[in-house]
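Chemist: Counting in my numbering, the sequence shown runs without a single skipped number right up to 1100 at its last residue.
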Amino acid sequence: MCGIVGYAGKHHAVPYLLEGLEKLEYRGYDSAGIAVNEPDAIRVIKTRGRIGNLESLIASQRHSDATVGIGHTRWATHGKPNDVNAHPHLSEHGLFCVVHNGIIENYLSLKAQLIADGFHFASETDTEVIAHLLEQNYDGDFVSTVRKTVAMLEGAYALCILCRDFPDSIVCTRWASPLVMGKNSDGVFLASDVTAILKHTDDVFYLDGREIALIENGALTFFGPDGAAGEKQPKHIDWSVSAAQKDGYEHFMLKEIMEQPKAIQDTVSPRISSDKRIVFENFHLTDDEIAHLNRIVIVACGSAFHAGEVGRYVLEKMTRIPVETAIASEFRYRDPVLDSHTLVIVISQSGETADTLAGLRLANEKGAKTVCIVNVVSSSIANEGGSVIYTHAGPEIAVATTKAYSAQVAVLYLLSGYIADRKGLLTDDARKTYVDALLKLPDLIDQTLRDCDDQMKKFAELFIPMEHAYFIGRNLDYACAMEASLKLKEISYIHSEAYAAGELKHGTISLVEKGTLVVALAACSDVFGKTMSNIKEVKARGARVLCVSTSENAAAMNEVDFKVIIPDTLPLFAVTLEVLPMQLLGYYTAKSRGCDIDKPRNLAKSVTVE
Ligand code: F6R
């Protein structure tokens, strides 16, 4: 949420800053700005709206030769998205300039004290407090002034700071919000997300919490929280630059939908040994601990929570351990009962979602075993989990997740098979059947995407004029309905709701009238007949029904108006195929309605505020 970039090197900073901001725009797009060190002053250029507005504003002003600068793209938390609240923020006399991701929780008391001390505030942001505090705490030493200042802050921050007295330097620090940096012969590049600097280097340094980095004359020095300078090893990033580009697709979302066969292949196949066993690297849950687990709790937000809903069914079915799911923002404040026999599975694409991270910390504090399913390497959740299983989905840029969601589900299949196997619940044949079916998923995903692409373009036409839609299903189909409904509403702005199919008649069916669109997910053969009964109920009230199921049920789908048939796989895995036409439905509907698909209104990728 919000994007930060910085550059200090041999070349003009502005083009590098704009290039980085464009890559990060998916993290926030209310306003954008840059600050550069010019001979006499720090020059700030900022505006509300997208990076395009900032580019036009910069083009209309005098050229800057500055070689050191910072930039920001904002998702508003404190104060409206206007020019004044846009980052960067200058201190009272322009000595310091700050860009910030996160939220300073004690900013009101700090602001009151600063006002009493004679400081004036231009913006409504929490960030401006930091700029003024830096000036108030200034002792002539850039790094020690930053250390003194951040010690006064409560909350989350990733900060990049310029100081007029140190025109060749940038100082950065962070707590609970990520920052990454790397260098090449052109200079030092920094960002809140590795995708913004991958083009320049794939050996990067992730800043640890409360660590401070000083970028000065092309050198990078790291100081631990105690102030001591220390060595830091770079991490090599495998993601290719092209993975973070559109590659001819009109939108990142479509590209990422089409990348799902590869994402699942890359996630599953390295975890299958030659004797068809599921194996994980750096997995710290012992067989004895697995044998003594009496409960599993899955904690996540949004689509990651929906992946967890799939996991709930699959894990419970396979391992016979009771499983519950918890929305992270609820879980963290409900004083949950957890002990060393509870396994808490935390799911997050970004690895930085504030509520999910807090849920993980709570589980760790209470002594539960924790396993994290994460896409972004070395993110906070990956670093703090008892064990981490990475989804190898590659960078996901579209705000609406698709390939990361599917990769999360794939890891949950792996984990379910692994735990069941370690508990001795699988015969050799059952294990091989399960693993073989998992290995076939990438091909089936590819086939499903090819088969239903045109069909979903056509069905999207039905949804264009709609204001409401309902998604129903039972068991795994209900888990899919939740994700399908979110995919449609978040990018097309059509109101939609997901219901357990049998629950609709307990109230919501009163909203169904002639012409209402109902999407029925009906790939679970064991409850197909039951779902068909619910389809009849809505048909009787005039609904038009689009139904997704498998070929074995095709003949029995005579009640429905529109059919989508997915390929056959194991019943537990059908949901992975069933979600694909739903992603395409959301995408094509939003496209036909002229929506900004990759950057839907009010949203941003990576929700680092609670
Ligand atoms: C919806 C979507 C969000 C995320 C949620 C959690 O398409 O992408 O609902 O799933 O914000 O994000 P992560 O997985 O980064 O924790």
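Using N, Cα and C, we set each Cβ at its ideal position, and we do this for glycine too.
#1: Using a C-beta cutoff of 8 Å, does Thr1006 count as contacting chain B?
#2: Could you check whether the region 931–942 touches the region 992–1008, counting it as contact only if at least three pairs of C-beta atoms, one from each stretch, sit closer than 8 Å?
#3: What distance in whole Å lies between the Cβ atoms of Ile954 and Thr1079, which are believed to be in contact at a cut-off of 8 Å?
#4: I'd like to know whether the C-beta atoms of Ser906 and Thr809 end up nearer to each other than 8 Å.
#5: What's the C-alpha gap between Ala959 and Ser986?
#6: Which partner residues does Ser1039 have in the DSSP bridge list?
#7: Which of the three DSSP states is assigned to Gly523 in this structure?
#8: His502: which of Tyr516, Glu528, Gly518 and Gly523 sits nearest, CA to CA?
#9: For a test of the three-state rule: what should DSSP assign to Glu512, helix, strand or coil?
#10: If you reduce the DSSP assignment to three classes, tell me which class Ala971 lands in.
#11: Am I right that Asp845 and Glu582 are in contact with their C-beta atoms under 8 Å? What's the rounded C-beta distance?
#12: With a cut-off of 8 Å on the beta carbons, I'd call Val836 and Cys862 a contact; round off their distance for me.
#13: Could you check what DSSP says for Ser906 in three-state terms: helix, strand or coil?
#14: At what residues does the beta strand (DSSP E) containing Leu1075 begin and finish?
#15: What is the rounded straight-line gap between the Cα of Gly539 and the Cα of Ile747?
#16: Hey, which unbroken runs of the alpha helix (DSSP H) at 4 residues or more fall wholly within the region 913–956?
#17: Can you tell which of Pro826, Gly1076, Cys650 and Leu511 has the C-alpha that lies nearest to the C-alpha of Val661?
#18: Rounded to whole angstroms, what's the CA-CA distance from Gly841 to Gly561? Just pull it up for me.
#19: Where do the N-terminal and C-terminal ends of the beta strand (DSSP E) with Val678 fall, by residue?
#20: Going by beta-carbon coordinates alone, are Thr1021 and Ala1044 separated by less than 8 Å?
#21: Examine the ligand F6R and report whether any of its heavy atoms sits within less than 7 Å of the Cβ of Cys791.
#22: Measure the beta-carbon distance from Ile981 to Ala890 and round it to whole angstroms, keeping in mind my assumption that it falls under 8 Å.
#23: Taking the DSSP output, what are the residues bridged to Gly493?
#24: With a threshold of 16 other CB atoms inside 10 Å of the CB of Pro885, please say whether the residue is buried or exposed.
#25: Is Leu1070 near the ligand F6R - that is, is its Cβ less than 7 Å away from at least one heavy atom of it?
#26: Could you tell me which of Arg517, Asp911, Ser819 and Gly523 sits nearest to Leu508, measuring between CA atoms?
#27: Express the C-alpha separation of Arg1091 and Ala971 in angstroms, rounding to a whole number.
#28: In angstroms with no decimal places, state the Cα-to-Cα distance between Cys1085 and Arg822.
#29: If you draw a straight line from the C-alpha of Asp926 to the C-alpha of Lys766, how long is it?
#30: Quick one, which of Ile786, Phe1018 and His831 has its alpha-carbon nearest Ala816's?
#31: With a Cβ-Cβ cutoff of 8 Å, do His579 and Ala621 count as a contact?
#32: In whole angstroms, give me the CA-to-CA distance for Phe695 and Asp728.
#33: Report yes if the C-beta of Val867 is less than 7 Å from at least one heavy atom of the ligand F6R; otherwise report no.
#34: Distance, Cα to Cα, Val526 vs Phe949?
#35: Anyone know if the C-beta pair for Val534 and Gly510 falls short of 8 Å?
#36: With distance defined between alpha-carbon atoms, name the residue in Asn873, Leu828, Ser830 and Lys893 nearest to Lys752.
Modeler: Working from what's here:
#1: Within the model displayed, chain B is absent; a lone protein chain is all it includes.
#2: These segments do not touch.
#3: Numbered from its first residue, the sequence shown carries residue 1079 at position 589. Numbered from its first residue, the sequence shown carries residue 954 at position 464. That pair is a contact at about 6 Å.
#4: Within the sequence shown, residue 906 is the residue found at index 416, counting from 1. Within the sequence shown, residue 809 is the residue found at index 319, counting from 1. Yes. Within cutoff.
#5: As a working mapping, residue 959 is identified with position 469 in the sequence shown. As a working mapping, residue 986 is identified with position 496 in the sequence shown. One C-alpha to the other measures close to 5 Å.
#6: Residue numbering aside, residue 1039 sits at position 549 when the sequence shown is read from its first letter. BP columns for Ser1039 point to Ile1055.
#7: Here residue 523 is taken as the residue at index 33 of the sequence shown, counted from 1. Gly523: strand per DSSP, three-state reduction.
#8: As a working note, residue 502 is residue 12 in the sequence shown. In terms of Cα proximity to His502, the closest of Tyr516, Glu528, Gly518 and Gly523 is Glu528.
#9: The residue you call residue 512 lines up with position 22 of the sequence shown. In this structure, Glu512 counts as helix in the three-state DSSP scheme.
#10: Taking the first residue of the sequence shown as position 1, residue 971 is located at position 481. Here Ala971 sits in helix by DSSP.
#11: Looking up residue 845 in the sequence shown gives position 355. Looking up residue 582 in the sequence shown gives position 92. No, Asp845 and Glu582 are not in contact; Cβ-Cβ is about 35 Å, not under 8 Å.
#12: Counted from its first residue, the sequence shown places residue 836 at position 346. Counted from its first residue, the sequence shown places residue 862 at position 372. In this structure Val836 touches Cys862 by the C-beta definition: roughly 5 Å separates them, less than 8 Å.
#13: Within the sequence shown, numbered from 1, the residue matching residue 906 stands at position 416. Looking at Ser906 - three-state DSSP - the assignment turns out to be helix.
#14: Counted from its first residue, the sequence shown places residue 1075 at position 585. First-last for Leu1075: Ala1064 to Ser1082, but that is the alpha helix (DSSP H), not the beta strand (DSSP E).
#15: On the sequence shown, position 49 is the one that residue 539 refers to. On the sequence shown, position 257 is the one that residue 747 refers to. Going by the C-alpha atoms only, they are around 28 Å apart.
#16: 918–953
#17: Stepping through the sequence shown from its first residue, residue 661 is reached at position 171. For Val661, the nearest C-alpha among the options comes from Cys650.
#18: The residue you call residue 841 lines up with position 351 of the sequence shown. The residue you call residue 561 lines up with position 71 of the sequence shown. Cα-Cα distance, rounded: 23 Å.
#19: Position 188 of the sequence shown, counted from the start, is the residue given in the question as residue 678. Taken as a continuous stretch (DSSP letters only), the beta strand (DSSP E) holding Val678 covers Gly677 to Ala681.
#20: Taking the first residue of the sequence shown as 1, we reach residue 1021 at position 531. Taking the first residue of the sequence shown as 1, we reach residue 1044 at position 554. No, they are not a contact pair.
#21: The count along the sequence shown starts at 1 and reaches residue 791 at position 301. It does: the Cβ of Cys791 is within 7 Å (strictly closer) of some heavy atom of the ligand F6R.
#22: Along the sequence shown, one-based indexing puts residue 981 at 491. Along the sequence shown, one-based indexing puts residue 890 at 400. Between Ile981 and Ala890 a beta carbon distance of about 5 Å is seen, short of the 8 Å cut, so the two are scored as contacting.
#23: If you number the sequence shown from 1, residue 493 lands on position 3. Answer by DSSP bridge pairing, in chain order: Thr563.
#24: As a first step, residue 885 is located in the sequence shown; it is residue number 395 there, counting from the start. Result: buried.
#25: Indexing the sequence shown from 1 puts residue 1070 at position 580. It does not: the Cβ of Leu1070 is nowhere closer than 7 Å to a heavy atom of the ligand F6R.
#26: Within the sequence shown, numbered from 1, the residue matching residue 508 stands at position 18. Scanning Arg517, Asp911, Ser819 and Gly523 for the CA closest to the CA of Leu508 turns up Gly523.
#27: The count along the sequence shown starts at 1 and reaches residue 971 at position 481. The count along the sequence shown starts at 1 and reaches residue 1091 at position 601. Roughly 23 Å separates the two Cα atoms.
#28: The residue you call residue 1085 lines up with position 595 of the sequence shown. The residue you call residue 822 lines up with position 332 of the sequence shown. Going by C-alpha positions, Cys1085 is about 34 Å away from Arg822.
#29: By one-based count along the sequence shown, residue 926 stands at place 436. By one-based count along the sequence shown, residue 766 stands at place 276. For Asp926 and Lys766, the distance between alpha carbons rounds to 8 Å.
#30: Against the sequence shown, residue 816 aligns to sequence position 326. When only C-alpha atoms are compared, the closest one is Ile786.
#31: If you number the sequence shown from 1, residue 579 lands on position 89. If you number the sequence shown from 1, residue 621 lands on position 131. In contact: His579 and Ala621 (Cβ atoms closer than 8 Å).
#32: Your numbering for residue 695 matches position 205 in the sequence shown. Your numbering for residue 728 matches position 238 in the sequence shown. Cα-Cα distance, rounded: 14 Å.
#33: Stepping through the sequence shown from its first residue, residue 867 is reached at position 377. Val867: no, Cβ never under 7 Å from the ligand F6R.
#34: Here residue 526 refers to the residue found at position 36 of the sequence shown. Here residue 949 refers to the residue found at position 459 of the sequence shown. Cα-Cα distance, rounded: 50 Å.
#35: Taking the first residue of the sequence shown as position 1, residue 534 is located at position 44. Taking the first residue of the sequence shown as position 1, residue 510 is located at position 20. Not closer than 8 Å, so no.
#36: Counted from its first residue, the sequence shown places residue 752 at position 262. Here the closest residue by C-alpha is Lys893.
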